[in-house]
Amino acid sequence: MEIKKAEFVTSAVKPMQYPADNLPCLALAGKSNVGKSSMVNTLTNRTKLAKTSGQPGKTRLINFYRINDTFYIVDLPGYGFARVSHQEKKNWGYMIENFLKSYSNIHGIIHLVDIRHHPTADDKTMTHWFREFNMPYFVLATKADKLGKTRIMPRIKEIRDELGLPLDVQVIPFSSQTGYGKGALIQALDTLINP
Ligand SMILES: Nc1nc2c(ncn2[C@@H]2O[C@H](COP(=O)(O)OP(=O)(O)O)[C@@H](O)[C@H]2O)c(=O)[nH]1
Ligand SMILES: [Mg+2]
């Protein structure tokens, strides 16, 4: 697949605000600041399609990006931001769960984790959700440029063990900064969109 066209379509909180065309979608899940927006920009060769921020927890909407007029990449709000209230965490949970239940054409999830960090309890909860919803997914280990080349593959294996992933779930090392892993990412998302 070649990504020829990418456009921001809408931001949503509730199902009635989702785009009506119901195109296939791939959702991005991950901690705030893990690199979801940067990944959208690198994937689409655009510097400012998705707003990135050094300030975690700012993106609290579900953002829909239409790719090649054929599918959506859906940037879900990041989780695990420490300084939000209990109520906000609950609202976040409803928003994500509502999306997974209401958008009827989800082809899969890309779960982003920072390659340098141990997966959090929230990351593990997400892994359980994907299985519970019987959702195809793969893991994208971000910020690979922050590790030496020889540390990358050992960390991939550790992340696999830490999340308890079945062998058929791919873990792809990736860097938005250098484009490392972009080919593997496009191939993996192509497989989810066109199974
Ligand atoms: N070194 C490095 N920094 C990254 C990478 N991806 C994202 N970042 C930085 O991490 C911060 C959060 O990125 P952002 O894409 O906004 O994360 P989001 O909250 O998951 O959408 C920003 O300062 C980015 O510049 C990467 O691959 N390498
Ligand atoms: Mg973001």
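Using our numbering, the letters of the sequence shown map in sequence onto residues 264 to 458.
Just so it is clear, CB atoms sit at the ideal spot from N, CA and C, and this is done for glycine as well.
Measure how close the beta-carbons of G356 and K299 come, nearest whole angstrom, since I'm counting them as under 8 angstroms.
Translated into positions along the sequence shown, residue 356 becomes position 93. Translated into positions along the sequence shown, residue 299 becomes position 36. Actually they do not touch by this definition, with Cβ atoms about 18 angstroms apart.
The beta strand (DSSP E) spanning H349 covers which residue range?
Within the sequence shown, the letter at position 86 stands for residue 349. Not the beta strand (DSSP E): H349 falls in the alpha helix (DSSP H), residues 349-365.
Going by other Cβ atoms of all chains shown within 10 Å of its Cβ, with 16 needed for buried, is P429 buried or exposed?
Working through the sequence shown from its first residue, we reach residue 429 at position 166. Classification for P429: exposed.
Give the single residue among K409, K294, C288, F401 whose Cα lies nearest to the Cα of T383.
The residue labelled residue 383 in the question sits at position 120 within the sequence shown. With distances taken between Cα atoms, T383 lies closest to K294.
Residues in the same chain with beta-carbon distance under 8 angstroms from I266, minus the five sequence neighbours each way, listed in chain order, please.
Reading the sequence shown from its first residue, position 3 is the one you call residue 266. The answer, listed in chain order, is L306, T307, N308, I330, N331, I449.
Go through its chain and collect everything with a Cβ distance to G371's Cβ below 7 angstroms, but skip five positions before and after it.
Mapped onto the sequence shown, residue 371 falls at position 108. Cβ neighbours of G371 beyond the five flanking positions: L289, M398, P399, Y400, L455.
With C-beta atoms as the reference, is R394 less than 8 angstroms away from A404?
In the sequence shown, counting from the first residue as 1, residue 394 sits at position 131. In the sequence shown, counting from the first residue as 1, residue 404 sits at position 141. Cβ distance not < 8 angstroms, so R394 and A404 don't count as in contact.
If you measure from the CB of T473, is any heavy atom of ligand 2 nearer than 7 angstroms?
Nothing can be reported for residue 473: it is not among the residues displayed for the chain, which extend from 264 to 458.
Can you tell which of T333, V434, L339 has its C-alpha closest to the C-alpha of A447?
In the sequence shown, the residue the question calls residue 447 occupies position 184. Nearest of T333, V434, L339 to A447, Cα basis: V434.
The alpha helix (DSSP H) that contains S300, what's its start and end?
Residue numbering aside, residue 300 sits at position 37 when the sequence shown is read from its first letter. Element bounds for S300: 299-307.
Using the C-alpha atoms, what's the distance from Y328 back to I336?
Taking the first residue of the sequence shown as position 1, residue 336 is located at position 73. Taking the first residue of the sequence shown as position 1, residue 328 is located at position 65. Their backbone Cα atoms lie some 5 angstroms apart in a straight line.
Who are the Cβ neighbours of M302 in its own chain at under 6 angstroms, not counting the five residues just before and after it?
In the sequence shown, residue 302 corresponds to position 39, counting from 1. Answer for M302: S439, listed in chain order.
Mind checking whether I359 and L339 have CB atoms under 8 angstroms apart?
On the sequence shown, residue 359 is found 96 positions in, with the first residue counted as 1. On the sequence shown, residue 339 is found 76 positions in, with the first residue counted as 1. A contact, by the Cβ cut-off of 8 angstroms.
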